[in-house]
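Notes for the one structure printed next.
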Ligand code: IPE
Ligand code: IPE
Ligand code: MG
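In the working numbering, the protein residues as written are 8 to 264.
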């Protein structure tokens, strides 16, 4: 899909929302938090919250496709989430593998490219197979990129990039003085993508939890108290409207157009 097609979608969405097309973010990163609290508040088990949370992902991704968003990254499992009870981790791994199998036809239908952000080890083989197959099958698509940050840790991502660059310098492939923002960005999972414009966190916590630290350098934040399983398209539109109201200055005295 060329830039024109994204732009056409942004023009239509902007008109619906009463904003300008350039006020729609290109890259949105979501911290899908609050599945556990959603379940507990209803007297349900935590895993039921995860199940419900998974159910809303598809409609949200489709909404983002329709809005002309180019990159949507969903924080699905952090490297720190391995600390959780084994039953919960096992359930989540089962859920991701099954979910990826199920979502593939819809990704093809919506022309979505799929990407995995995170280390492979120690993800179970079924999850790796499901991730790899989804990446492979959707690689023919050229619409929105949907990234799953799964077994993801931002500091680890940066460490891996620095190690590769250090090795390249040692091997004489790169001059240390040539290591710049571009060189580091090119070694992250998001190589070649624009920086994150908007971070959305559900369930009210005002923290970043080791998510895309490099990529969010100048991102706008939107935090809502709504728990992830209740995050509807209307809630997403609220996030987009809030983003549109921001003046992004990037250190300048006035907003960048
Ligand atoms: C987010 O919901 C899902 C994952 C981290 C996998 P939580 O499970 O963190 O829900 P809370 O924060 O306990 O409510
Ligand atoms: C962040 O949520 C990770 C995901 C949404 C997958 P957490 O629930 O793990 O974050 P903390 O522990 O509240 O910082
Ligand atoms: Mg949480």
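Beta carbons are placed, not taken as given, at the ideal position from N, Cα and C, and that holds for glycine.
Note that the coordinates shown come from a computational prediction; the quantities given were computed from them, not determined experimentally.
DSSP assignment within the region 79–126 yields the following whole beta strand (DSSP E) runs of 3 residues or more, N-terminal first: 120–124. The beta carbons of residue 246 and residue 219 sit no closer together than 8 angstroms. In this structure, DSSP gives residue 170 a helical state, which the three-state scheme calls helix. At least one heavy atom of ligand 2 sits closer than 7 angstroms to the Cβ of residue 85. The shortest CA-to-CA distance from residue 35 to any of 93, 232, 156 is the one to 156. In terms of side-chain proximity, the C-beta atom of residue 43 is found nearer than 7 angstroms to a non-hydrogen atom of ligand 3. Residue 40 counts as buried, since no fewer than 16 other beta carbons sit within 10 angstroms of its beta carbon. Counted as a single uninterrupted DSSP element, the alpha helix (DSSP H) harbouring residue 11 occupies residues 10–24. Annotation for residue 178 indicates a beta carbon at 7 angstroms or more from all heavy atoms of ligand 3. Ligand 1 has a heavy atom closer than 7 angstroms to the beta-carbon of residue 235. Using a cutoff of 7 angstroms, the CB of residue 9 does not count as near ligand 3, since none of the ligand's heavy atoms is closer than that.
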